[in-house]
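J.:
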């Protein structure tokens, strides 16, 4: 394989790993609006509105009232809330049937919930086919990532900028290794992709910290719901060491023609 091809392949792999930390979920405005309407109805304790939004004939009013009683006891009214999309799955059949299932985390001032909602649209009607409400939700990123740009602080952007510089430095180092072919260049290429990392996670109930040697780590200072903070400082130590020994590695051994 030519050197240029190896370099392109390596850059592509690094780029994919980098983008994996930036990827977000595709949004569905219609489903988001439906969840918001459902939350409004729960806050108003408006069972009629929820029942009318159900898919025609999927459930009787008696069955709905029985299941809704458990939901209304679980839900606590709140004037403020935040929703975060966790998953979305859409299926379309040849019979003009469209099924969309979403899972949202809902955060109010004092509680967290998970809403799973399935919407069915076909020739017979359109509406909520099934929905489920449970207490609790997984922590969701509030700030500190590339997809939370508007909420990031100056410190968080500084750490992300360090992350970008680290990966650019690794790519530059890897290309130099492939071009110059120093002694043991294969081992140095693997070393160039290696980070020394320090990680610290703080939660309301405990504190955890560790150090390690890893590949494809991203420096970040992320803040999640439930007052969870996660800090990662990743230094491209392998690439730094390569440039420290580069001159010696490229110097021919004595007696070598």
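Numbering (the working numbering), first residue to last: 61 to 317.
Each residue gets a CB set at the ideal place from its N, CA and C atoms; glycine is no exception.
1. State buried or exposed for residue 210, treating a residue as buried only when at least 16 other CB atoms are found within 10 Å of its CB.
2. State buried or exposed for residue 93, treating a residue as buried only when at least 16 other CB atoms are found within 10 Å of its CB.
3. Determine whether the beta carbon atoms of residue 146 and residue 165 lie at a separation below 8 Å.
4. Drop a sphere of 10 angstroms on the beta-carbon of residue 98, count the other beta-carbons inside from all chains shown, and report buried for 16 or more, exposed for fewer.
5. At what residues does the alpha helix (DSSP H) containing residue 218 begin and finish?
6. Let me check one thing: in DSSP terms, what residues is residue 194 bridge-paired to?
7. Can you tell me which of the three DSSP states residue 95 falls into?
8. With respect to the beta strand (DSSP E) encompassing residue 144, which residues constitute its N-terminal and C-terminal limits?
9. Alpha carbon to alpha carbon, how far is residue 268 from residue 312? Give it in angstroms, no decimals.
10. From residue 281 to residue 265, what distance separates their C-alpha atoms?
11. Quick check: the Cα distance between residue 172 and residue 189, rounded to an integer number of angstroms?
12. Would DSSP call residue 304 helix, strand or coil?
13. Using a Cβ-Cβ cutoff of less than 8 Å, which residues in the same chain neighbour residue 196 once the five nearest sequence positions on both sides are dropped?
14. Can you tell which of 129, 260, 115, 167 has its C-alpha closest to the C-alpha of residue 159?
15. Could you give the C-beta distance for residue 323 and residue 161, rounded to a whole number, given that I count them as a contact under 8 Å?
16. Taking one C-beta from the segment 289 to 304 and one from the segment 220 to 230 each time, how about it: are there three or more such pairs within less than 8 Å?
17. In this structure, how does DSSP classify residue 260 when only helix, strand and coil are distinguished?
18. Which class does residue 163 belong to by DSSP, given the choice of helix, strand or coil?
T.: Once the coordinates are examined:
1. It is exposed - the Cβ of residue 210 has fewer than 16 other Cβ atoms within 10 Å.
2. Per the 10 Å Cβ criterion, exposed.
3. The Cβ atoms of residue 146 and residue 165 lie closer than 8 Å to each other.
4. Label assigned to residue 98: buried.
5. Unbroken alpha helix (DSSP H) run through residue 218: 214 to 240.
6. DSSP lists 174 as partners of residue 194.
7. Helix.
8. For residue 144, the enclosing beta strand (DSSP E) stretches over residues 141 to 152.
9. Near 47 Å, if we compare the C-alpha coordinates of residue 268 and residue 312.
10. Each residue's Cα considered, the two are about 19 Å apart.
11. For residue 172 and residue 189, the distance between alpha carbons rounds to 23 Å.
12. Reduced to three states, the DSSP call for residue 304 is helix.
13. 172, 173, 174, listed in sequence order.
14. Of 129, 260, 115, 167, the residue nearest in Cα terms is 115.
15. This structure leaves residue 323 out entirely; the chain is present only between 61 and 317.
16. A contact exists between the segment 289 to 304 and the segment 220 to 230.
17. Strand at residue 260.
18. In this structure, DSSP gives residue 163 an extended state, which the three-state scheme calls strand.
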